[in-house]
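K.L.:
Each residue of the sequence shown is one higher than the one before, starting from 1 at the first, in the UniProt record's numbering.
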Amino acid sequence: MAEQLAACARQLFEGVSGSDEQRFANAWLMNFQASDQAWEAALQLLEQPPRDPATLQSLAAPELVAMQILRLKTQQEWSRISPEQHQIVRQTLLKLLEATCVSDGGLAPVSCRIACVTVADIIVKSYTEWSSWKSDVQRLVDAGVAAQRQQRGAAVVWSVELHGFGLWGFARLCTSEEMVNMLTKFQAEREEVMKAVQMIISNIPEEQSNALRCLEGWVIGCVPTHETFGLNAAHIFSSGMMDMLFDIATNGKEEHSQLAAGIIADSFVCTVSDPLSDAMANAVHHAGHRLVAATPLFYTDVQLPPHGIGDEQKTVTCSGLSRIACSLAMNHAPALFSPHGNFNSSGKTQFPLEFMELLLACSAHPDADVVQPTLEIWFFFLEESSSQNEISLELFDAAGHEQIVAVLSRLVNSLVDHCKYPQSFIDTQQISSDDPEIEAIDTLRREIADTLLSLFSKWPGDPGQPKGDYVSCVMGMSQMLSDSKDVAMIDALLFLLSYLVELFDVVSSDSESEDDQLPLEVPASGGVDHHKADDACCRAGVQFFLNVIPFLTNGDTHHPIEAQILDVCMCWYGERIFPDVLTCCSRIITKQQGNPSFYVEAQQMFERLLVAFRAKLRDVPVAASDPRQQTMEDFLTLDNDADSMIPEVEQFLKLSREMLCSFPQVLVQPRSNGDPSLYWICLDLSTRLLKIDHQMQEVCDTSCDFLLDAMRCQPGPVLERIAVFATEIVRVVLGFLGPKRERYRVRNLWDFLFQCLHAPQISTQIRGKYCGFLSAITTVVHDEGALHSLLPPDVCQQLPGELRIRRQRHRFRQYFSLLLSAMET
């Protein structure tokens with residue numbers, strides 16, 4: 001069989017292309033590799049390779065095919081062969097690799113790499129024998145170094161150290177206990193891995209790519225089900241490799257630059273919500289200052305050392321630095337801007353603003369790959385962020401706000417410039433094109449429009465004014481439109497303004513312009529509760545309450561006037577649309593957080609508000625005798641007055657989130673009448689508000705916020721029904737891919753799903769692949785076939801895995817953008 005295998009291998013590689021003989025050889029090899037005889041034949045060819053009679057060199061084709069078969073068989077059948085066969089394969093591979101390390105007569109380079117990867121795969125599958133494998137591998141490396149053949153020895157180190165290469169595949173075949181034991185053994189080797197990589201990078205430049213790929217395979221997150229396994233930024237910094245990687249990212253070859261930047265960026269990704277260690281804080285600050293020092297590289301008149309390089313290489317460098325900067329900004333912003341050790345000391349007080357200038361330089365870069373990761377930063381920059389790790393305006397004191405607003409103003413100008421089509425396209429006087437450059441601009445300008453929409457809706461107002469000064473923002477862009485004579489600029493501004501019209505669709509309670517404010521008319525407090533029918537009096541009264549609540553103090557107990565204020569608010573709430581009442585109640589709940597003497601009042605208040613709120617939404621059981629009674633679904637999709645409920649929905653779910661934090665037992669405790677807890681009523685309500693096709697962005701956003709806070713603050717009840725809950729949420733969110741959602745801005749929904757799958761603040765059991773959201777993705781896409789009518793079968797098959805491995809938010813969103821493009825095609 002070995003002779004037949006060698007003959008077919010030669011025919012496949014050396015025969016006439018497309019000939020009958022070559023097709024026969026290929027068919028024979030495909031059948032033979034699945035047989036039990038393939039093991040013995042492949043090993044025999046590797047131990048006794050056929051040689052060229054003239055040169056006596058091993059023939060490349062039989063060697064390569066035999067090694068490929070051995071690789072395939074170890075992947076698919078290793079667990080089914082006997083220990084004796086394991087030993088034969090092991091000894092054969094080690095013998096071949098040793099010959100390769102010490103002489104010129106060993107394996108060809110491509111066969112050597114396949115052999116190394118095969119050894120790595122076997123090590124993962126035989127992790128209980130790691131100690132003996134480790135000594136064998138070290139012997140090979142020492143032999144290669146002694147023979148001054150470090151390049152081949154390094155190739156062995158690269159692949160054998162790359163345990164992460166096969167960990168995820170093996171995870172699906174072993175028990176959780178076996179997986180933990182295996183990872184514990186390999187985690188103990190991380191210092192050795194870093195030393196090996198450092199040695200190769202420093203001494204064997206030809207193998208730098210392999211060394212970086214080894215390190216990439218070890219970065220934290222390489223095993224999605226075990227988020228703490230691998231090397232994080234603290235490990236890399238403590239080993240002294242951080243500067244080495246930064247040097248490669250800024251001065252290395254294109255491929256090496258991308259790899260090094262990706263390793264640094266991924267090593268900072270938060271996978272757990274543990275307190276930040278001193279080592280990680282040092283790594284964060286060191287990386288931040290390296291990035292700020294590299295800011296000049298983003299300007300076209302600066303050349304990279306040691307000599308000038310082309311624009312393409314420079315763009316790759318800037319793209320990598322942008323990725324690192326965004327990873328820091330999304331995962332460690334509070335630590336980055338806090339005083340720590342020798343960083344951010346009195347001489348470094350300008351560092352936060354310098355880092356903001358770096359982000360601005362990334363956003364102003366002419367290449368879309370550099371710009372795109374930063375859009376996520378700016379999209380959430382002015383939000384009252386649920387995440388405690390992301391960069392936001394809240395991290396800057398009042399004195400720095402004016403400077404930040406100036407940075408944001410320059411950012412807007414840069415983003416508008418990115419929306420311009422090139423003059424060559426303008427000259428064609430066409431409105432569409434299949435040119436990849438134009439399609440890329442189309443994609444980028446849609447993301448920029450979403451980003452500006454988010455920024456403007458929260459834009460800081462003048463001192464003393466509420467945020468959300470979108471009127472002045474839009475007026476500024478309108479003035480740019482009026483002043484411009486450039487057709488490309490006019491087109492870009494018109495496109496953006498068409499998006500920004502959404503700002504004026506509704507008046508939401510947290511997105512207000514100056515004209516939206518009601519005048520404060522302070523009534524005589526003694527008789528304010530007697531004017532229930534007078535809207536103006538009621539609204540002025542609530543404004544008065546909002547002003548005085550912060551000043552009501554009574555030691556450790558609540559002030560008696562607060563209870564009276566709640567009674568008046570309950571009286572006024574009734575049937576009218578009155579979000580300010582809910583704001584007033586939220587303020588009191590926040591003020592009384594954890595006060596046991598206020599528990600009863602909080603419970604009674606919330607139950608009364610919930611009943612009234614659901615009645616306004618028509619969320620009441622439809623009487624069997626009156627099928628004409630309007631449902632919540634009908635009201636939100638068909639009633640012209642539904643938009644007026646948006647501020648009310650936002651404020652009620654904000655109040656519910658505050659109750660979760662301040663008085664969680666009010667929501668989660670069982671009810672005496674056997675009805676679902678208030679917690680589950682609110683979860684069900686939020687899920688249905690998300691599901692209904694009402695096209696109201698604010699309602700969906702605030703529903704997502706409540707669901708996330710519920711999973712963060714009180715995960716226990718969710719875990720009791722996690723399979724049903726997660727499946728319904730995934731079913732709802734993936735429904736936004738359907739054609740009925742084409743007009744809907746779905747960017748926030750992809751972020752919501754990303755957090756359900758990957759946010760470290762959410763329990764790993766809720767996110768988990770066995771019964772949580774990762775499992776729900778598979779259930780909805782594969783078992784229920786939710787997307788089969790929208791996407792090709794191969795895309796549906798790959799979708800759960802793609803969502804699992806995309807642990808960075810911009811990559812996650814990019815994938816959904818690709819799905820939408822596939823649907824449109």
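C-beta: ideal position from N, C-alpha, C; glycine also.
Using three-state DSSP, classify residue 58 as helix, strand or coil.
P.N.:
Taking the sequence shown and counting its residues from 1, one reaches residue 58 at position 58. Strand, per DSSP.
K.L.:
Let me know the alpha helix (DSSP H) ranges lying completely inside the segment 195 to 257, each 4 residues or longer, listed in chain order.
P.N.:
Qualifying alpha helix (DSSP H) stretches, in chain order: 208 to 216, 233 to 238 and 241 to 251.
K.L.:
Quick check: the Cα distance between residue 806 and residue 812, rounded to an integer number of angstroms?
P.N.:
To locate residue 806, count along the sequence shown from 1; it is residue 806. To locate residue 812, count along the sequence shown from 1; it is residue 812. Each residue's Cα considered, the two are about 5 Å apart.
K.L.:
Going along the chain, which residues of its own chain have a beta-carbon closer than 7 Å to the beta-carbon of residue 6, five neighbours each way excluded?
P.N.:
Along the sequence shown, read from residue 1 onward, the residue named residue 6 stands at position 6. Cβ within range, chain order: 45, 50 and 62.
K.L.:
Please check the pair residue 844 and residue 566, which I expect to be a contact at CB under 8 Å, by giving their CB distance rounded to whole angstroms.
P.N.:
This structure does not reach residue 844, given that the chain is present from 1 up to 825, and the question cannot be answered.
K.L.:
Which same chain residues end up closer than 8 Å to residue 752 when comparing Cβ atoms and leaving out the 5 residues on each side of it in sequence?
P.N.:
On the sequence shown, position 752 is the one that residue 752 refers to. Once the five neighbours on either side are set aside, the close Cβ partners of residue 752 are 704, 707, 708 and 733.
K.L.:
Quick one: using the 10 Å Cβ neighbour count with 16 as the cut-off for buried, is residue 818 buried or exposed?
P.N.:
For this step, residue 818 is matched to residue 818 along the sequence shown. Classification of residue 818: exposed, given that the 10 Å Cβ count is below 16.
K.L.:
So the candidates are 729, 750 and 796; which of them puts its Cα closest to the Cα of residue 773?
P.N.:
Taking the sequence shown and counting its residues from 1, the one referred to as residue 773 is at position 773. That would be 729, whose Cα lies nearest to the Cα of residue 773.
K.L.:
Report the three-state DSSP secondary structure of residue 51 (helix, strand or coil).
P.N.:
Reading the sequence shown from its first residue, position 51 is the one you call residue 51. Residue 51 falls in the strand class under three-state DSSP.
K.L.:
Please report how far the alpha carbon of residue 70 lies from the alpha carbon of residue 85, in whole angstroms.
P.N.:
Translated into the one-based positions of the sequence shown, residue 70 becomes position 70. Translated into the one-based positions of the sequence shown, residue 85 becomes position 85. Cα to Cα, the separation comes out at about 12 Å.
K.L.:
Could you tell me if residue 597 is buried or exposed, where buried requires 16 or more neighbouring beta carbons within 10 angstroms of its beta carbon?
P.N.:
Numbered from 1 along the sequence shown, position 597 holds the residue referred to as residue 597. It counts as exposed.
K.L.:
Taking just the CA atoms, how far does residue 756 sit from residue 322?
P.N.:
The sequence position of residue 322 within the sequence shown is 322, counting from 1. The sequence position of residue 756 within the sequence shown is 756, counting from 1. The alpha-carbon atoms of residue 322 and residue 756 are separated by roughly 26 Å.
K.L.:
So what's residue 16 in DSSP terms, helix, strand or just coil?
P.N.:
Here residue 16 refers to the residue found at position 16 of the sequence shown. Looking at residue 16 - three-state DSSP - the assignment turns out to be coil, as it is neither helix nor strand.
K.L.:
Whole angstroms are fine: how far does the CA of residue 640 sit from the CA of residue 536?
P.N.:
Residue 536 sits at position 536 when you count from the first residue of the sequence shown. Residue 640 sits at position 640 when you count from the first residue of the sequence shown. Straight-line Cα distance between these residues: approximately 24 Å.
K.L.:
Using a Cβ-Cβ cutoff of less than 6 Å, which residues in the same chain neighbour residue 65 once the five nearest sequence positions on both sides are dropped?
P.N.:
On the sequence shown, residue 65 is found 65 positions in, with the first residue counted as 1. So the qualifying residues of the chain are 9.
K.L.:
On the DSSP letters alone, give me the boundaries of the alpha helix (DSSP H) that residue 95 sits inside.
P.N.:
As a position in the sequence shown, residue 95 is number 95, starting the count at 1. It spans 83 to 102 - the alpha helix (DSSP H) in which residue 95 sits, taken as one unbroken run.
K.L.:
Count the CB pairs spanning the segment 287 to 300 and the segment 350 to 369 that are closer than 8 Å, and state whether there are at least three.
P.N.:
Touching, yes, given that three or more Cβ pairs across the two stretches are closer than 8 Å.
K.L.:
Tell me where the alpha helix (DSSP H) around residue 314 begins and ends.
P.N.:
As a first step, residue 314 is located in the sequence shown; it is residue number 314 there, counting from the start. Taken as a continuous stretch (DSSP letters only), the alpha helix (DSSP H) holding residue 314 covers 311 to 331.
K.L.:
Given a threshold of 16 other Cβ atoms within 10 Å of its Cβ, counted over all protein chains shown, does residue 383 qualify as buried or as exposed?
P.N.:
As a working mapping, residue 383 is identified with position 383 in the sequence shown. Counting Cβ neighbours within 10 Å, residue 383 comes out buried, since at least 16 surround it.
K.L.:
In its own chain, which residues sit with a C-beta less than 6 Å from the C-beta of residue 352, not counting the 5 before and 5 after it?
P.N.:
On the sequence shown, residue 352 is found 352 positions in, with the first residue counted as 1. 337.
K.L.:
Indicate whether residue 546 and residue 587 have their beta-carbon atoms separated by less than 8 Å.
P.N.:
For the purposes of this step, residue 546 is identified with residue 546 of the sequence shown, where counting begins at 1. For the purposes of this step, residue 587 is identified with residue 587 of the sequence shown, where counting begins at 1. Result yes, Cβ atoms of residue 546 and residue 587 sit closer than 8 Å.
K.L.:
Check residue 789 in the structure and name its three-state DSSP category.
P.N.:
Position 789 of the sequence shown holds residue 789. Three-state result, residue 789: coil.
K.L.:
In the DSSP assignment, the alpha helix (DSSP H) including residue 352 goes from what residue to what residue?
P.N.:
The residue you call residue 352 lines up with position 352 of the sequence shown. Element bounds for residue 352: 351 to 364.
K.L.:
Using a Cβ-Cβ distance under 8 Å, would residue 189 count as near chain D?
P.N.:
No chain D is part of this structure, which consists of one protein chain only.
K.L.:
Taking the CB atoms as reference points, tell me whether residue 635 and residue 618 lie closer together than 8 Å.
P.N.:
Numbered from 1 along the sequence shown, position 635 holds the residue referred to as residue 635. Numbered from 1 along the sequence shown, position 618 holds the residue referred to as residue 618. Going by C-beta atoms, residue 635 is nearer than 8 Å to residue 618.
K.L.:
Determine the burial state of residue 31: buried for a count of at least 16 other Cβ atoms within 10 Å of its Cβ, exposed for fewer.
P.N.:
The count along the sequence shown starts at 1 and reaches residue 31 at position 31. It is exposed - the Cβ of residue 31 has fewer than 16 other Cβ atoms within 10 Å.
K.L.:
Leaving aside the five residues before and after residue 233 along the sequence, list all residues of the same chain whose C-beta is less than 8 Å from its C-beta, in chain order.
P.N.:
Numbered from its first residue, the sequence shown carries residue 233 at position 233. Correct list, in chain order: 242, 264, 267, 268, 280, 283, 284 and 287.
K.L.:
What residue range does the alpha helix (DSSP H) around residue 598 cover?
P.N.:
As a working note, residue 598 is residue 598 in the sequence shown. No alpha helix (DSSP H) holds residue 598; DSSP gives it neither H nor E.
K.L.:
Cβ atoms of residue 329 and residue 394: under 8 Å apart, would you say?
P.N.:
Locating residue 394 in the sequence shown gives position 394, counting from the first residue. Locating residue 329 in the sequence shown gives position 329, counting from the first residue. Contact flag unset, no.
K.L.:
With a CB to CB cut of under 6 Å and the five nearest residues on each side skipped, what residues in its chain are close to residue 215?
P.N.:
Translated into positions along the sequence shown, residue 215 becomes position 215. Counting only Cβ-Cβ distances below 6 Å, and skipping sequence neighbours, we find 197 and 263.
K.L.:
Does DSSP put residue 631 in a helix, a strand or coil?
P.N.:
Stepping through the sequence shown from its first residue, residue 631 is reached at position 631. In the structure shown, residue 631 sits in coil (DSSP, three-state: anything other than H, G, I, E or B).
K.L.:
Distance, Cα to Cα, residue 613 vs residue 585?
P.N.:
Taking the first residue of the sequence shown as 1, we reach residue 613 at position 613. Taking the first residue of the sequence shown as 1, we reach residue 585 at position 585. Between residue 613 and residue 585, the C-alpha separation is close to 14 Å.
K.L.:
In the DSSP assignment, find the unbroken alpha helix (DSSP H) run with residue 654 in it and report its ends.
P.N.:
Numbered from its first residue, the sequence shown carries residue 654 at position 654. Note, residue 654: alpha helix (DSSP H), 646 to 662.
K.L.:
Is residue 788 buried or exposed, if buried means 16 or more other CB atoms sit within 10 Å of its CB?
P.N.:
Here residue 788 refers to the residue found at position 788 of the sequence shown. Exposed is the call here.
K.L.:
Assign residue 319 to one of two classes, buried (16 or more other C-beta atoms within 10 Å of its C-beta) or exposed (fewer than that).
P.N.:
Taking the first residue of the sequence shown as position 1, residue 319 is located at position 319. So residue 319 counts as buried.
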